[in-house]
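Residue numbers (the UniProt record's numbering): 578 to 852.
Glycine residues also receive a C-beta, built at the ideal position from the N, C-alpha and C atoms.
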Ligand code: C2E
Ligand code: MG
Ligand code: MG
Ligand code: MG
């Protein structure tokens, strides 16, 4: 391969690779510091009931502004954390912050649900379920308030151990939501293997559903499939009223998206609950 590219292009390719590796190393080093210094925070994006328009919960999304790197989006640092093994510590920090926030809202008289994202790799480390149970208990938060969002992923080839952990979470009372549904290569296999309580339709299908007949057909089919399997449906990335209107007609239960609100710091998120 590389011979055919010729010498100059090989060098360019190497340089680009080297630059990416250097950037990943920097992100890794700064992320390590951020974890030590508690510099990461969670923002909360409302999940809204389609029928009533009420906020019934939030998705917790990591936010990080680094002194040297500036704002680093999760799309950049999560993959680095996954590749370097930092995801374990990061996941623990997210769980801790989410439970602390739920406890605070509880003390203030709110009963908001919170969904945290789990990286598929977190299932490969032992003790995940015990850690979740322990953290909920330590904060005095009922497991029924927590959901975990899992994404289908090629790193999981051992379905049995993941299924076991998700089953244990469901038995605790935690809901399991299948994130970015339809974008992986084994969506249906995941749906079959795991105890999924809700399906999140990826925003790539929601985006054009009001104009594109095949996207609309996919959304309709996913909603039908999900309902047949006893799952509720959450639509991601709803930006336009006409998308929400179609989702309502198709029987989708809940949605998230900029149409209602982006992810917000906890106090602003709580203000939406009061409204
Ligand atoms: P995700 O779990 O699918 O989260 C939804 C993403 O869509 C979020 O991006 C959210 O800000 C964005 N979004 C929400 N509404 C809209 C909309 O109307 N339009 C558009 N264009 N985007 C919208 P974000 O916060 O950048 O996170 C990206 C991904 O990073 C997440 O995708 C999730 O996979 C990962 N991530 C974020 N926080 C965590 C975390 O605490 N742990 C793990 N393991 N992954 C996380
Ligand atoms: Mg998610
Ligand atoms: Mg998603
Ligand atoms: Mg996504």
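Query raised in the report: For residue 842, is the classification buried or exposed, using 16 other Cβ atoms within 10 angstroms of its Cβ as the cut-off for buried?
Result: exposed
Query - CB-CB length for residue 672 against residue 712, believed under 8 Å - result: 5 Å
Report task. To the nearest angstrom, report how far apart residue 675 and residue 691 are at their CA atoms. Result -> 7 Å
Query raised in the report: How many Å lie between residue 818 and residue 745 at the Cα?
Result: 38 Å
**Report entry** Opening and closing residue of the alpha helix (DSSP H) in which residue 641 lies
**Finding:** From DSSP, residue 641 is part of no alpha helix (DSSP H) but of the beta strand (DSSP E) over 632-643.
Query raised in the report: DSSP on residue 696, reduced to helix/strand/coil?
Result: coil
Query raised in the report: What are the boundary residues of the beta strand (DSSP E) that includes residue 809?
Result: 809-812
Query raised in the report: If you run the structure through DSSP and keep just helix, strand and coil, what is residue 769?
Result: helix
Query raised in the report: Helix, strand or coil for residue 724 per DSSP?
Result: strand
Query raised in the report: Is residue 645 near ligand 2, in the sense that its beta carbon is under 7 Å from a heavy atom of that ligand?
Result: no
Query - Reference residue 626, options 809, 719 and 839, closest by Cα - result: 809
Query raised in the report: Whole-angstrom Cβ separation of residue 641 and residue 616, contact assumed at under 8 Å?
Result: 7 Å
**Report entry** Beta-carbon gap between residue 623 and residue 845 smaller than 8 Å
**Finding:** no
Query raised in the report: Beta carbon of residue 726: closer than 7 Å to some heavy atom of ligand 2?
Result: yes
Query raised in the report: Going by other Cβ atoms of all chains shown within 10 Å of its Cβ, with 16 needed for buried, is residue 728 buried or exposed?
Result: buried
Query raised in the report: For residue 636, is the beta carbon positioned less than 7 Å from some heavy atom of ligand 2?
Result: yes
Query raised in the report: How far does the beta strand (DSSP E) with residue 752 in it reach, from first residue to last?
Result: 752-758
Requested in this report: Answer yes if the segment 702-720 comes into contact with the segment 647-657, meaning at least three C-beta pairs across the two stretches below 8 Å, and no otherwise.
Outcome: no
Query raised in the report: Comparing alpha-carbon positions, which option in 718, 670 and 694 lies nearest residue 681?
Result: 718
Query raised in the report: In three-state terms, what does DSSP make of residue 821?
Result: helix
Query - Span separating the alpha-carbon of residue 639 from that of residue 753 - result: 19 Å
**Report entry** N- and C-terminal bounds of the beta strand (DSSP E) containing residue 623
**Finding:** 617-626
Report task. Tell me whether residue 733 sits in a helix, a strand or coil according to DSSP, three-state version. Result -> coil
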